Amino acid sequence: MIALCLVATMCATVFAGLQTMTTLSMAVAIRSEADRLLQAEAERL
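Numbering (the working numbering), first residue to last: 29 to 73.
Listed below in structure tokens is the structure:
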């Protein structure tokens, strides 16, 4: 029973970590894409 609780806690922690990493990488990707678009727009003007 204790082992089961430990495994469940570990899984939850890993899942939360993965979710955080995914969110961060998405934010970075969106930011770099926005920068690229702004740069292209500035060159066009």
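Virtual Cβ for every residue (Gly too), placed ideally from N, Cα, C. Please read these numbers as outputs of a predicted model, since none were measured by experiment.
Where M54 is concerned, the enclosing alpha helix (DSSP H) starts and stops at I30 to R72.
Around A44, the same chain offers no residue with a beta carbon nearer than 6 Å, after the five sequence neighbours per side are excluded.
Its chain contains no residue whose beta carbon lies nearer than 6 Å to that of L46 once the 5 sequence neighbours on both sides are disregarded.
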